[in-house]
Structure formats: C-alpha cells, structure tokens
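Colleague: One gets the working numbering by counting positions in the sequence shown from 1 and adding 31 to each.
Where a beta carbon is used, it is the ideal one built from N, C-alpha and C, also for glycine.
One structure follows; several queries about it will come next.
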Amino acid sequence: MTNSQSRNALITGASRGLGLALARQLAPQGWNLIIDARGADALEAARIELSHTDSVIAIPGDVTDPAHRRSLVEAAQKLGPLDLLVNNASILGPSPQPALLEYPLDVLEQVYRTNVIAPLALLQALHHHLKPGACIINITSDAGVEAYEGWGGYGSSKAALEQLSHILAAENPQWRVYWIDPGDMRTQMHQEAFPGEDISDRPLPEVSVPGLLALINGTHPSGRYAARALSPGEAQ
Ligand SMILES: NC(=O)c1ccc[n+]([C@@H]2O[C@H](COP(=O)([O-])OP(=O)(O)OC[C@H]3O[C@@H](n4cnc5c(N)ncnc54)[C@H](OP(=O)(O)O)[C@@H]3O)[C@@H](O)[C@H]2O)c1
32 MTNSQSRNAL ITGASRGLGL ALARQLAPQG WNLIIDARGA DALEAARIEL SHTDSVIAIP
92 GDVTDPAHRR SLVEAAQKLG PLDLLVNNAS ILGPSPQPAL LEYPLDVLEQ VYRTNVIAPL
152 ALLQALHHHL KPGACIINIT SDAGVEAYEG WGGYGSSKAA LEQLSHILAA ENPQWRVYWI
212 DPGDMRTQMH QEAFPGEDIS DRPLPEVSVP GLLALINGTH PSGRYAARAL SPGEAQ
C-alpha cells in the first residue's frame with residue numbers, strides 16, 4: 032500500500048484516446064494509477080510511458096467481464112482507498128452506425144453492457160474502497176442528449192449513463208459525481224463513427240483534459256459538465 036497522502040485513481044480505457052490523455056496529466060502530479068483496456072499491447076505501452084513519472088498498475092481486460100472487475104478491485108485494495116474513479120472505457124457499436132430499425136440487438140446489448148452496466152458494476156464493486164469525498168467521473172457524450180440520426184445505439188447508452196449518474200449523485204451526497212461530455216475528439220472511436228472521413232479538424236483529446244482536471248481538483252457540485260466549457264478552477 033502507498034502512503035496515505037498520495038492520491039489514487041482508477042481510469043478505465045486508458046490505453047489511448049481521452050483515458051490516456053488524462054492519465055498523462057495525472058501521473059506527473061503524483062497520482063498512483065490503475066488503468067485498463069482490452070488490448071494488452073497498447074496498455075503495456077501506456078504503462079511503460081506513464082511509469083516514467085509515477086506508480087502505474089495496468090490490468091488488461093474487458094470491463095464487462097466480472098473477473099476482470101474483480102482484478103481491478105483487488106488492485107485498488109492493495110493500492111489504498113481511491114480518490115478518483117473514471118469510467119471512460121466505451122464502445123461505439125457498429126461502424127458505420129445503423130439506423131435503429133436495422134440495429135442488431137445483440138450488438139446493442141454489448142454496447143449497453145460496456146457503456147452503462149459496466150460503469151455501475153465497477154462502482155458497486157469498488158464503493159467500499161472510495162475515500163470520503165471521492166470523485167466519480169462517468170464520460171458521456173452530446174449524443175446522449177441530442178437526437179443525431181444513426182446514433183440511437185451509442186447515444187441511448189450514453190443517455191442511460193447520464194441518468195444513472197444523476198441518480199447516483201442524488202443517492203450519494205458523500206461523493207462528487209460528474210457526468211461529462213468531453214466534446215468531439217480526434218480518436219479511434221471518433222474515426223469509427225465517421226468511417227473514411229477526414230477528422231483532422233477535430234481537437235485532440237488533450238484539449239478536453241483541463242476541464243476534467245478542474246473538476247477533479249476543484250469543489251464543483253455533482254452534475255453534468257461539458258469539459259471544454261470548464262477551465263481550471265472555473266465552474267460551468
Ligand atoms: N471521441 C469522441 O469524439 C467522443 C465524443 C464524446 C464522448 N466520447 C467518450 O469519450 C470516452 C473516450 O473515448 P475515446 O474517443 O478516447 O475512445 P477510444 O480512442 O476508442 O479509446 C477507448 C479506450 O477504452 C478502451 N476500451 C474500450 N472498450 C473497453 C472495454 N470493454 N473494457 C476495457 N477497456 C475498453 C480502449 O482500449 P481497447 O479497445 O483495447 O479495449 C481504449 O483504451 C468514451 O467514453 C467515449 O464514449 C468520445
């Protein structure tokens with residue numbers, strides 16, 4: 032176990048994209064990190080990079096797998112109470128995304144298992160290992176609010192994650208619960224959402240990280256935030 036002054040975080044889906052960009056900012060600030068992703072090679076590359084600045088435990092696996100979630104909990108037990116849980120891992124579903132009337136229901140179930148059930152399951156398994164006042168971040172999307180054609184599977188999963196987060200916050204005033212729209216980001220998921228399109232005009236995920244840090248390090252009330260509407264120390 033690390034000393035009681037250090038800050039501990041678990042970030043899901045931190046082998047690339049927004050999760051890795053956030054981990055890159057937290058590690059040099061003295062955070063001890065637990066990270067995961069399904070792809071072991073990319074996760075190991077992230078662990079090696081992040082380990083240059085601080086303690087990083089990387090556990091490959093799928094957040095929908097109960098055995099993998101148990102491994103994450105065991106790592107948290109060894110590390111010490113968590114200050115921060117970031118439910119960032121998410122899948123888009125089919126690429127290109129089908130209209131709802133053609134949406135394969137088995138894939139929809141997988142999207143919901145990953146984007147909605149797994150974040151709650153992880154919190155259920157971990158909540159005894161959170162410090163009082165801990166920060167829980169669930170990464171959602173404007174697709175959870177707006178009715179974009181073709182976004183019915185992923186978008187409805189993010190809508191469910193938003194409402195789940197809202198009620199979690201009402202039921203748990205001892206935590207800061209944030210559900211956050213990071214904005215469009217130039218990542219693998221975004222390319223899958225726009226197959227064959229040039230997405231080079233979208234900002235890199237690093238642009239969304241200062242808003243996340245403002246919430247993590249601040250005292251904002253639980254609620255929904257747009258990452259890029261926040262600057263360090265500033266509420267939406
Ligand atoms: N990119 C955008 O424009 C955008 C916009 C709004 C919201 N978001 C949200 O922002 C968050 C980050 O997205 P991103 O664009 O950075 O995506 P990304 O580049 O596809 O990265 C997703 C990360 O999650 C991991 N992951 C995916 N499924 C997983 C699973 N079942 N178990 C464990 N890890 C898993 C991926 O690694 P593996 O594939 O190896 O598992 C990867 O590390 C997501 O919640 C996304 O919905 C993105």
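Can you tell me where the alpha helix (DSSP H) with Ala52 in it begins and where it stops?
Modeller: Locating residue 52 in the sequence shown gives position 21, where the first residue counts as 1. Gly48 to Leu57 is the span of the alpha helix (DSSP H), which, as asked, contains Ala52.
Colleague: Looking at the secondary structure, which residues open and close the beta strand (DSSP E) in which Asp143 lies?
Modeller: Taking the sequence shown and counting its residues from 1, the one referred to as residue 143 is at position 112. Inspection of the sequence shows that residue 143 is occupied by Tyr rather than by Asp. Where Tyr143 is concerned, there is no enclosing beta strand (DSSP E), although the alpha helix (DSSP H) it sits in stretches over Leu136 to Tyr143.
Colleague: In angstroms with no decimal places, state the Cα-to-Cα distance between Ala245 and Glu105.
Modeller: Here residue 245 refers to the residue found at position 214 when the sequence shown is read from its first residue. Here residue 105 refers to the residue found at position 74 when the sequence shown is read from its first residue. Distance between the alpha carbons of Ala245 and Glu105: 29 Å.
Colleague: Please work out which residues of its chain come closer than 8 Å, Cβ to Cβ, to Arg47, disregarding the five sequence neighbours upstream and downstream, and give them in chain order.
Modeller: Locating residue 47 in the sequence shown gives position 16, counting from the first residue. Ala68, Ala73, Ala77, Thr218 and Gln219, listed in sequence order.
Colleague: Output needed for Thr33: all residues of its chain with C-beta closer than 8 Å, excluding positions within five of it in sequence on either side, in chain order.
Modeller: Here residue 33 refers to the residue found at position 2 of the sequence shown. Note that Thr33 has pLDDT 46, beneath the 50 cutoff, so the model's placement of it is unreliable and the number below is only indicative. So the qualifying residues of the chain are Asn39, Asn63, Ser86, Leu110 and Gly111.
Colleague: Which stretch, first to last residue, makes up the alpha helix (DSSP H) that contains Ala268?
Modeller: It is not possible to answer for residue 268, since the shown part of the chain is limited to 32 through 267.
Colleague: Can you look up Pro163 in the DSSP assignment and give me helix, strand or coil?
Modeller: Taking the sequence shown and counting its residues from 1, one reaches residue 163 at position 132. In this structure, Pro163 counts as strand in the three-state DSSP scheme.
Colleague: What are the boundary residues of the beta strand (DSSP E) that includes Ile66?
Modeller: Indexing the sequence shown from 1 puts residue 66 at position 35. Taken as a continuous stretch (DSSP letters only), the beta strand (DSSP E) holding Ile66 covers Trp62 to Ala68.
Colleague: By Cβ distance below 7 Å, which residues in the same chain neighbour Ser188 in space, the five residues on each side in sequence not counted?
Modeller: Along the sequence shown, read from residue 1 onward, the residue named residue 188 stands at position 157. Here the set comprises Val142, Tyr143, Asn146 and Val147.
Colleague: For ligand 1, is there a heavy atom less than 7 Å away from the beta-carbon of Gln56?
Modeller: Within the sequence shown, residue 56 is the residue found at index 25, counting from 1. Every heavy atom of ligand 1 is 7 Å or more from the Cβ of Gln56, so no.
Colleague: Are Gly175 and Leu192 close, meaning C-beta to C-beta below 8 Å?
Modeller: Here residue 175 is taken as the residue at index 144 of the sequence shown, counted from 1. Here residue 192 is taken as the residue at index 161 of the sequence shown, counted from 1. Yes, the pair counts as a contact, with Cβ atoms nearer than the cut-off.
Colleague: Mark Val61 as exposed unless 16 or more other C-beta atoms lie within 10 angstroms of its C-beta, in which case mark it buried.
Modeller: Here residue 61 refers to the residue found at position 30 of the sequence shown. It should be pointed out that residue 61 corresponds to Gly in this sequence rather than to Val. Result: exposed.
Colleague: With hydrogens ignored, establish whether the beta-carbon of Ser82 is closer than 7 Å to any heavy atom of ligand 1.
Modeller: Sequence index remark: in the sequence shown, residue 82 carries index 51 (1-based). Flag unset: Cβ of Ser82 not near ligand 1.
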